[in-house]
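Please read the structure below before turning to the comments.
2 protein chains.
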Amino acid sequence: MALFIERGYDEVTVADIAERAGLTKRSFFNHYADKREVVFCGLDGFQAMVLDMLADADPGLGPLDAAVAALTRAGEVMTADYPEFTRARQDLIDSSPELRERDLMKTAAVTSALAAALADRGASPRAAAFAAQVAATVFTTAVAEWARQPELGFGATVQQALRDMRAVLAADHQPQPA
Amino acid sequence: MALFIERGYDEVTVADIAERAGLTKRSFFNHYADKREVVFCGLDGFQAMVLDMLADADPGLGPLDAAVAALTRAGEVMTADYPEFTRARQDLIDSSPELRERDLMKTAAVTSALAAALADRGASPRAAAFAAQVAATVFTTAVAEWARQPELGFGATVQQALRDMRAVLAADHQPQPA
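So the sequences go chain by chain: A and B.
Each residue of the first sequence is one higher than the one before, starting from 1 at the first, in my numbering.
Each residue of the second sequence is one higher than the one before, starting from 1001 at the first, in my numbering.
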């Protein structure tokens, strides 16, 4: 990650990364499928943490609040323990279409895992999928905003995004004139 | 598309497609970046149609209802004029991780264009992004369901999905006990 930030993502080769990490190119490819994977290396751990947090969530919460609570707690750990990494990763993703594509795929994988866990918790498959999708949108919006403006704190940034999301759905939900 | 359905997506090569279409491999690559693009070939037209439908939407509609209305009208055209293509395309995407990845990217591009158009229509950037994202989730859910069960009709399938989405957001929105 430090290399990407120093030189820009497009300028760094796999050979550069391997050299910095003291690896041969061959052992690099034992660890990562390609250069893009380096940016997403903590993500399997993040997904596991989200599922752990969900297992600990108040059983009385509906699927959306449970999903947001789990993502918020995992995000608070991530932003508190790795603030520079999280911010640098966000800047990198914003800077590269290739990384935005990979980020979409990775987010979709975490969203599917979260939907499956919400269904195990008792939500219908459709409610679980919708709740996971909305929670993921709220979360990624909050991470991007936190990276620009960390002062509010990550949890409050998520809550504001969730309120805004609910307002978008509720504002339209007026009885139609006959 | 017919070739993919006859033989399965993984079994068809670019040479097969070019031969069936009476093209050389070289002129195939003048038309499409790769094999995956063939499956998504009508999508630029679809996006243009969604934006046209949005321009025609009732100015009194909030961003979410306007986005859903535009996607519904474009989807009604697609499912009425190309029912077999739409169903076959859905089956293909469901059958291939490579196509699911491309579909995610294409959907993200249409969602961004829709968000930009909603912002031009007066929504805040955040409300526009949230409304476009939720509308896209509702729409893709409805297309998948319509492909399995067309009897209800596409418009009604979208409306049911939108009601379910609103229920997921509303169900959680109870005042918390003090």
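For every residue, glycine included, the Cβ atom is placed at its ideal position computed from N, Cα and C.
Whole-angstrom distance between residue j and residue i, CA atom to CA atom
i: E1084 of chain B; j: L1092 of chain B; result: 12 Å
i: A82 of chain A; j: A67 of chain A; result: The sequence shown places Tyr at residue 82 of chain A, rather than the Ala named in the question. Going by the C-alpha atoms only, they are around 22 Å apart.
i: A1161 of chain B; j: F1046 of chain B; result: 21 Å
i: V77 of chain A; j: G1155 of chain B; result: 43 Å
i: A1108 of chain B; j: V1138 of chain B; result: 14 Å
i: A1015 of chain B; j: L1099 of chain B; result: 19 Å
i: T111 of chain A; j: D56 of chain A; result: 18 Å
i: A1147 of chain B; j: A1088 of chain B; result: 9 Å
i: R1163 of chain B; j: G8 of chain A; result: 45 Å
i: L1169 of chain B; j: A119 of chain A; result: 16 Å
i: P125 of chain A; j: M1165 of chain B; result: 12 Å
i: I1017 of chain B; j: E11 of chain A; result: 36 Å
i: P1097 of chain B; j: L61 of chain A; result: 33 Å
i: S1180 of chain B; j: A1167 of chain B; result: Limits of chain B in this structure are 1001 at one end and 1178 at the other, which puts residue 1180 of chain B out of reach.
i: Q1090 of chain B; j: E1151 of chain B; result: 17 Å
i: T140 of chain A; j: T72 of chain A; result: 11 Å
i: G153 of chain A; j: A1144 of chain B; result: 39 Å
i: R121 of chain A; j: T86 of chain A; result: 30 Å
i: E19 of chain A; j: E1019 of chain B; result: 46 Å
Residue burial classification, residue i (beta-carbon count within 10 angstroms, cutoff 16)
i: P1059 of chain B; result: exposed
i: D1065 of chain B; result: buried
i: D44 of chain A; result: exposed
i: Q1149 of chain B; result: exposed
i: T13 of chain A; result: exposed
i: D1103 of chain B; result: buried
i: G1075 of chain B; result: buried
i: A1136 of chain B; result: buried
i: P175 of chain A; result: Confidence is the limiting factor: at P175 of chain A the pLDDT is only 48, short of 50, which leaves the residue's position unreliable and the question unanswerable from this model.
i: P1177 of chain B; result: Below a pLDDT of 50, predicted positions are generally treated as unreliable, and P1177 of chain B, at 47, falls in that range; no measurement from the model is reported.
Coil, strand or helix - residue i by DSSP
i: T1111 of chain B; result: helix
i: V12 of chain A; result: coil
i: A1122 of chain B; result: This sequence places Gly at residue 1122 of chain B; Ala is not what is there. Coil.
i: A57 of chain A; result: coil
i: S1095 of chain B; result: helix
i: G62 of chain A; result: coil
i: G153 of chain A; result: coil
i: Q1176 of chain B; result: Any answer about Q1176 of chain B is weak, because its pLDDT of 48 lies below 50 and its placement is not dependable; what the coordinates show is given next. Looking at Q1176 of chain B - three-state DSSP - the assignment turns out to be coil, as it is neither helix nor strand.
Cβ distance (whole Å) where residue i is taken to contact residue j below 8 Å
i: A117 of chain A; j: L51 of chain A; result: 5 Å
i: L1114 of chain B; j: A1127 of chain B; result: The Cβ separation is near 13 Å, so there is no contact.
i: A1142 of chain B; j: P1063 of chain B; result: Not a contact, Cβ separation roughly 18 Å.
i: A70 of chain A; j: M53 of chain A; result: 4 Å
i: V1187 of chain B; j: V134 of chain A; result: Since the first and last residues shown for chain B are 1001 and 1178, residue 1187 of chain B lies out of range.
i: E1101 of chain B; j: M105 of chain A; result: 6 Å
heavy atom of the ligand COA below 7 Å from residue i C-beta
i: A136 of chain A; result: Of ligands this structure carries none, so the ligand COA is not represented either.
(message) Any C-beta of chain A within less than 8 Å: which residues of the region 1105 to 1120 of chain B qualify?
(response) Near chain A, meaning a CB-to-CB distance below 8 Å, the residues of the region 1105 to 1120 of chain B are M1105 and A1108.
(request) Quick one: which residues of the region 154 to 168 of chain A get their C-beta closer than 7 Å to a C-beta of chain B? List them in chain order. (result) Those residues of the region 154 to 168 of chain A that come within reach of chain B (Cβ to Cβ, closer than 7 Å) are D164, M165, R166 and V168.
(message) Can you pull out the residues from the region 122 to 136 of chain A whose beta carbon lies closer than 8 Å to at least one beta carbon of chain B?
(response) So the close ones are R126, A127, A129, F130, A131, Q133 and V134.
(request) Output, in sequence order along the chain, the residues in the region 1063 to 1083 of chain B whose CB is closer than 9 Å to any CB in chain D. (result) Any reference to chain D falls outside this structure, whose protein chains are A and B.
(message) Output needed in chain order: residues of the region 1090 to 1106 of chain B with a Cβ under 8 Å from some Cβ in chain A.
(response) Listed by position along the chain: E1101, L1104 and M1105.
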